[in-house]
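Asker: Just so you know, the sequences run in chain order A and B. Read left to right, the first sequence gives residues 1 to 359 (the numbering used here). Read left to right, the second sequence gives residues 1001 to 1437 (the numbering used here). Beta carbons are placed, not taken as given, at the ideal position from N, Cα and C, and that holds for glycine. Have a look at this one before I ask anything.
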Amino acid sequence: MSFEIVYTSSQQGLHAGSRGFCTVAATIGIPRQLMERLESLSGYQHQHPTGSKLNPVNFCCQSVRIQEETFVVLSRVADAGADFSGRSNKIAHHLALSLDEVRLTNCSPTLLLSDPDFWFTKWARSPEWLPANRLPKPVSSGGIPVNAWKTAFGDAGWSAVVARSVENDFEPVFAIVPDGCNVIGMVHEALQHLSTRMQWRVSFSTYFTRSSGGDCHWRFLRDGMAEATAVRNRPVGIVIDVNSRLSGEDQKRSNQPSLNVDSIDESEDVSNEQPEGQEGFDRRPVTRSQMRRREAGARSRQARLAAKNPRERRSEREIPQDRHSPIPKAKKLKTWWIVTGLFVVIAVIAIVVGLIWLK
Amino acid sequence: MTRSAKHIPPRATCPHCWHVFPLEETLWVSSHPALNGDARLGAECQRRFLPTRFDVSGNALDSHGSVCSELACPKCHLVIPRAMFEMRSLFYSILGSPGSGKSHLIATTTWTLRKTMGRNFHLSFSDADPDSNRVLNQSEERLFFNENPNELTTLPKTEKEGELYDPVRFGDQTFWYPRPFVFSVQPLPSHPQGENVAEMSRAICLYDNAGEHFLPGGRSSISPATQHLTVSSGLIFLFDPTQHVRFREACKGISNDPQITTAGLSFRQDQVMLEAANRIRTQASLSQNEKYKRPIVVAMTKLDAWRGLLDASFERRAAAFGEILQRRKHKDSEAIETVLNHRRIKQVSLDLRELMLRYAPEFVNAAESFAEDVTYVPVSALGHAPTLEAETGRFGVRPGSISPQWAELPLLYLLSLTSGGLIPRPIERQHNSDEQE
């Protein structure tokens, strides 16, 4: 069964006494823990003044685990103008699908996220309980433009680089994109390289900030925001940076062929497709990727060295959760004395019994 | 650790999860780029570890031999500013209903204290961790460093999740801990206690919660955002008269503030107080008959909007007790020290209590049935009414017109009561001989 919530700032929430940022609509029967978890995914950072159309929409797909059950959550979080108190507002609409429902879905999550009739963009009603099993209708594939990567980065082949990360044990992807580009289209293009089943295993966020509250494989960051700067300073995983893109002319000059989108899904290794001419461009993301591989090599060398030095290994070791609630030293000492004392007493008794028996 | 060992507290309190731990359990944050990924904080954070190797400066070395400098909590793994290990920590909670002006008051308070603590009290007041204080610094910049001082600006509404919170994973469960604003307050050489810097310095933690967290039913099992109430040395409760029906009614005709003239929002602020009291009682195991021993300052915000309710004799009565800051000779040395005029604050508090009893007796009852020491202080973080933008329907302020009134007083007053001499408390019998500023 699917569950949804709508979360925004309102004069009156769904629960008695709640107001301000609160849930204003939810599916009847939604578990409380799931509702709290979905509320925690509603963070939004305004990039522009509230009410501005330049504020990006965060389309997000991620899985959450509530007790024994896993849900795939589709979310739309966006600016919602000023609230009833004259301050900035946002609206977050989350749809949690059970794994059974996901299995029955035969389209990409981006097509569901693009249904304009399902996702709330404003809430000006009284709070209400929503009927169960309300689901978005997938828009036709033609409804999403397919040149998003080419428009933003000058080469549609980047979508394949992003998709390839899935094969590499879901290596995280950080794409730093300019304002106003069609990020949901970029995600859609990248997902097209994967089977429908794999598409639902990828988590993504089209406007990732520290506020977002999720943990996604594909994170699209806005150029100029603190998160983008942090990734540039300390790159992790695959970093695709708009500041490092090459224009079409630059590509011709560097003799770099454009990545062929259609051929990416074959068994060719993307890393091998990078031409030698690219090595001159230090800031290209694939170069970072190569650096990362070199780093992995260095890491394995370090690990071999560390194996010779167990002390060093110990310091890197994960600290167990119960490490800081050990039995106190005094108690340990006391236990030792009791055990030793008992042992001595038993030994004395055994000797005495032995002597008596011998007599 | 750079200070002499005897002044370092033996235990530290994490400002994120309030876990109290001995210093030897402190984790370090690895600095080598290859050591990415932490079990609690996710793949993009540096790994936390218990060190076994140190360099000659006492900094830990991670497993790749890189020198580390950041310290973390053994429970939540979030970074703790070093100041919290080297100085005694003081926690203060700021609470109030949504829209009562918490974010504006915190930004104005910290900005004012940065400017005046050195001049008035010979104390340095600075960020203990600029990254942790980033959101607050942005607010200060919008209000006090704005390049367009005549254009309307606004602080975003504080969220219940997002940038002011850090997610921490414990198994399958993710908890959201509030991000503290941490400041270090240290006596300057000219301070009467300037020789005892190590002993007198304090790390101050403030929290900017969303008002929704304090509403009845606003407690969340995955966001222990208001647990700091229990460890706080004092509370600042923001009472907003423009959100109180009877105050609003009384102010109509004497105030042009759009929060009063337009259909504003009203909250039962006594319920917020009772909810906070209930949480403190539960978490601190206080019985229902027991009173909260720590001070509560009720900051009556937006003074500019309701000043007309104070009669002419109010200022006169308050002024009879002298200036709010007074100077006197230190009892043990020739140094001149500045003290807060507690008698004047108490007189103002008595007058405001009378006003509250007239319009909001239910709140006085709620506050005083919970705590022993309640002080009422009028404050205005902006000094003027916000402007309502007709096009967008949002409130904005012009940075060039901001002139705070007593905004920093609630925190200064709590510091003078609880910081152990950083801001000296006046000696009542010496009041008449005090040298006025």
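Near B/His-1213, what residues of its chain come up, given a Cβ to Cβ distance below 7 Å and the 5 sequence neighbours on each side ignored?
Answerer: Taking the second sequence and counting its residues from 1, one reaches residue 1213 of chain B at position 213. Same-chain partners within the cutoff: Lys-1160, Ala-1225 and Thr-1226.
Asker: Starting from B/Met-1300, trace the beta strand (DSSP E) in both directions and tell me its first and last residue.
Answerer: If you number the second sequence from 1, residue 1300 of chain B lands on position 300. Per DSSP, B/Met-1300 belongs to the beta strand (DSSP E) from 1296 to 1300.
Asker: Can you tell me where the alpha helix (DSSP H) with A/Trp-129 in it begins and where it stops?
Answerer: As a working mapping, residue 129 of chain A is identified with position 129 in the first sequence. Element bounds for A/Trp-129: not the alpha helix (DSSP H) but the beta strand (DSSP E), 128 to 130.
Asker: Compute the distance between the beta-carbons of B/Pro-1410 and B/Val-1297, then report whether it is under 8 Å.
Answerer: Walking along the second sequence from the start, residue 1410 of chain B turns up at place 410. Walking along the second sequence from the start, residue 1297 of chain B turns up at place 297. Using a Cβ distance threshold of 8 Å, B/Pro-1410 and B/Val-1297 count as a contacting pair.
Asker: Taking all protein chains shown into account, decide if A/Pro-310 is buried (16 or more other Cβ within 10 angstroms of its Cβ) or exposed.
Answerer: On the first sequence, position 310 is the one that residue 310 of chain A refers to. The predicted model places A/Pro-310 with a pLDDT of 43, which falls under 50 and marks its position as unreliable; any figure quoted below should be read in that light. Burial call: exposed.
Asker: Going by C-alpha to C-alpha distance, which of B/Lys-1102, B/Glu-1086 and B/Phe-1085 sits closest to B/Tyr-1092?
Answerer: The sequence position of residue 1092 of chain B within the second sequence is 92, counting from 1. Among B/Lys-1102, B/Glu-1086 and B/Phe-1085, the Cα nearest to that of B/Tyr-1092 is on B/Lys-1102.
Asker: Checking 8 Å against the spacing of the C-beta atoms, do A/Thr-8 and B/Arg-1394 come in under that value?
Answerer: The residue labelled residue 8 of chain A in the question sits at position 8 within the first sequence. The residue labelled residue 1394 of chain B in the question sits at position 394 within the second sequence. No, they are not a contact pair.
Asker: Are A/Ile-238 and A/Ser-165 touching if we call contact CB-CB under 8 Å?
Answerer: As a working note, residue 238 of chain A is residue 238 in the first sequence. As a working note, residue 165 of chain A is residue 165 in the first sequence. Judged by their CB atoms, A/Ile-238 and A/Ser-165 are nearer to each other than the 8 Å cut-off.
Asker: Under 7 Å, CB to CB, which of the residues in the region 1222 to 1244 of chain B have a partner in chain A?
Answerer: Here the close residues are Ile-1222 and Ser-1223.
Asker: Who are the neighbours of B/Phe-1395 on chain A, taking C-beta pairs under 9 Å?
Answerer: The residue labelled residue 1395 of chain B in the question sits at position 395 within the second sequence. Residues of chain A passing the Cβ test: Ala-82, Ser-85, Gly-86 and Arg-87.
Asker: Which residue marks the beginning of the alpha helix (DSSP H) containing B/Pro-1178, and which one marks its end?
Answerer: Taking the second sequence and counting its residues from 1, one reaches residue 1178 of chain B at position 178. Segment 1173 to 1178 is the beta strand (DSSP E) holding B/Pro-1178; no alpha helix (DSSP H) there.
Asker: How long is the line joining the alpha carbons of B/Glu-1362 and B/Val-1168, rounded to whole angstroms?
Answerer: As a first step, residue 1362 of chain B must be located in the second sequence, where it is residue number 362. As a first step, residue 1168 of chain B must be located in the second sequence, where it is residue number 168. Straight through space, the alpha carbons of B/Val-1168 and B/Glu-1362 are spaced by roughly 39 Å.
Asker: Do you know offhand how far B/Ser-1069's Cα is from B/Trp-1028's?
Answerer: Taking the first residue of the second sequence as position 1, residue 1069 of chain B is located at position 69. Taking the first residue of the second sequence as position 1, residue 1028 of chain B is located at position 28. Each residue's alpha carbon lies about 7 Å from the other.
Asker: Looking at the structure shown, is B/Asn-1365 part of a helix, part of a strand, or coil, going by DSSP?
Answerer: Position 365 of the second sequence, counted from the first residue, corresponds to residue 1365 of chain B. DSSP, reduced to helix, strand and coil, places B/Asn-1365 within a helical segment of the structure shown.
Asker: What does A/Arg-65 touch in chain B if you count any residue whose Cβ is under 8 Å from its own?
Answerer: Working through the first sequence from its first residue, we reach residue 65 of chain A at position 65. Within chain B, the residues near A/Arg-65 are Asp-1172.
Asker: Pull the bridge partners of B/Gln-1186 from the DSSP assignment, please.
Answerer: As a first step, residue 1186 of chain B must be located in the second sequence, where it is residue number 186. Paired residue(s): B/Ser-1124.
Asker: Nearest chain A C-beta to B/Leu-1265 closer than 8 Å, yes or no?
Answerer: By one-based count along the second sequence, residue 1265 of chain B stands at place 265. By this cut-off, B/Leu-1265 is an interface position.
Asker: So if DSSP puts A/Asp-79 in a beta bridge, which residue, or which two residues, is it bridged to?
Answerer: Taking the first sequence and counting its residues from 1, one reaches residue 79 of chain A at position 79. In DSSP, A/Asp-79 forms a bridge with A/Lys-90.
Asker: Buried or exposed: which applies to A/Val-261, given that a residue is buried once 16 or more other Cβ atoms fall within 10 Å of its Cβ?
Answerer: Locating residue 261 of chain A in the first sequence gives position 261, where the first residue counts as 1. In this prediction, A/Val-261 has a pLDDT of 37, which is less than 50 and means its spatial position is unreliable; nothing more can be read from the coordinates.
Asker: Within the same chain, show all residues whose beta-carbon is closer than 6 Å to that of A/Pro-138, passing over the 5 residues directly before and after it, in chain order.
Answerer: Here residue 138 of chain A corresponds to residue number 138 of the first sequence, with the count starting at 1. Cys-107, Leu-111 and Leu-112.
Asker: So the alpha helix (DSSP H) A/Glu-189 belongs to, where does it begin and stop?
Answerer: Taking the first residue of the first sequence as position 1, residue 189 of chain A is located at position 189. Here the alpha helix (DSSP H) through A/Glu-189 covers 183 to 191.
Asker: Please specify which runs of the beta strand (DSSP E), each continuous and at least 3 residues long, are wholly inside the region 1336 to 1366 of chain B, giving them in chain order.
Answerer: 1336 to 1340
Asker: Taking 8 Å as the cut-off, decide whether the C-beta atoms of A/Gln-33 and A/Ile-5 are in contact.
Answerer: Residue numbering aside, residue 33 of chain A sits at position 33 when the first sequence is read from its first letter. Residue numbering aside, residue 5 of chain A sits at position 5 when the first sequence is read from its first letter. No, the Cβ-Cβ distance between A/Gln-33 and A/Ile-5 is not below 8 Å.
Asker: Does any CB atom of chain A fall closer than 8 Å to the CB of B/Lys-1102?
Answerer: As a working note, residue 1102 of chain B is residue 102 in the second sequence. No, no contact with chain A.
Asker: Quick check on B/Leu-1095 - is its C-beta less than 8 Å from some C-beta in chain A?
Answerer: One-based indexing of the second sequence puts residue 1095 of chain B at position 95. Put simply, the CB of B/Leu-1095 is far from chain A, with every gap to its CB atoms at 8 Å or more.
Asker: Contact criterion: CB-CB distance below 8 Å. Does B/Asn-1036 meet it with respect to chain A?
Answerer: The residue you call residue 1036 of chain B lines up with position 36 of the second sequence. So, interface residue.
Asker: What is the residue span of the alpha helix (DSSP H) that B/Pro-1258 lies within?
Answerer: Numbered from its first residue, the second sequence carries residue 1258 of chain B at position 258. Start and end: 1258 to 1261.
Asker: Does any residue of chain B have a CB that is nearer than 8 Å to the CB of A/Cys-216?
Answerer: Locating residue 216 of chain A in the first sequence gives position 216, counting from the first residue. Judged by the 8 Å Cβ criterion, A/Cys-216 is not in contact with chain B.
Asker: Can you tell me whether DSSP reads B/Cys-1205 as helix, strand or coil?
Answerer: Working through the second sequence from its first residue, we reach residue 1205 of chain B at position 205. Three-state DSSP puts B/Cys-1205 in a strand.
Asker: For a test of the three-state rule: what should DSSP assign to A/Phe-204, helix, strand or coil?
Answerer: The residue labelled residue 204 of chain A in the question sits at position 204 within the first sequence. Looking at A/Phe-204 - three-state DSSP - the assignment turns out to be strand.
Asker: Using the DSSP secondary-structure output, state which residues sit across from A/Asn-58 in a beta bridge.
Answerer: Residue numbering aside, residue 58 of chain A sits at position 58 when the first sequence is read from its first letter. Bridge partners of A/Asn-58: A/Val-77.
Asker: For A/Trp-123, which residues of its own chain have a beta-carbon under 8 Å away from its beta-carbon, when the five flanking residues on both sides are left out?
Answerer: In the first sequence, the residue the question calls residue 123 of chain A occupies position 123. Same-chain partners within the cutoff: Val-6, Thr-8, Ser-10, Val-24, Ala-25, Ala-80 and Ile-91.
Asker: Could you please give the first and the last residue of the uninterrupted beta strand (DSSP E) stretch that includes A/Ile-28?
Answerer: Looking up residue 28 of chain A in the first sequence gives position 28. Segment: none, A/Ile-28 is in no beta strand (DSSP E) and carries neither H nor E.
Asker: If you drop the 5 nearest sequence neighbours on each side, which residues of the same chain put their C-beta closer than 8 Å to that of A/Leu-191?
Answerer: Start at 1 with the first residue of the first sequence, and residue 191 of chain A comes out as number 191. Contacts found: Ser-108, Pro-109, Thr-110, Ala-163, Gln-199 and Val-202.
Asker: Assuming the contact rule is C-beta atoms closer than 8 Å, B/Leu-1422 and B/Leu-1414 should be a hit. Round their C-beta distance to whole Å, please.
Answerer: Taking the first residue of the second sequence as 1, we reach residue 1422 of chain B at position 422. Taking the first residue of the second sequence as 1, we reach residue 1414 of chain B at position 414. Their Cβ separation, rounded to whole angstroms, is 11 Å, which puts B/Leu-1422 and B/Leu-1414 out of contact at 8 Å.
Asker: Of all the CB atoms in chain A, is at least one closer than 8 Å to the CB of B/Pro-1033?
Answerer: As a position in the second sequence, residue 1033 of chain B is number 33, starting the count at 1. True, the Cβ-Cβ gap to chain A drops below 8 Å.
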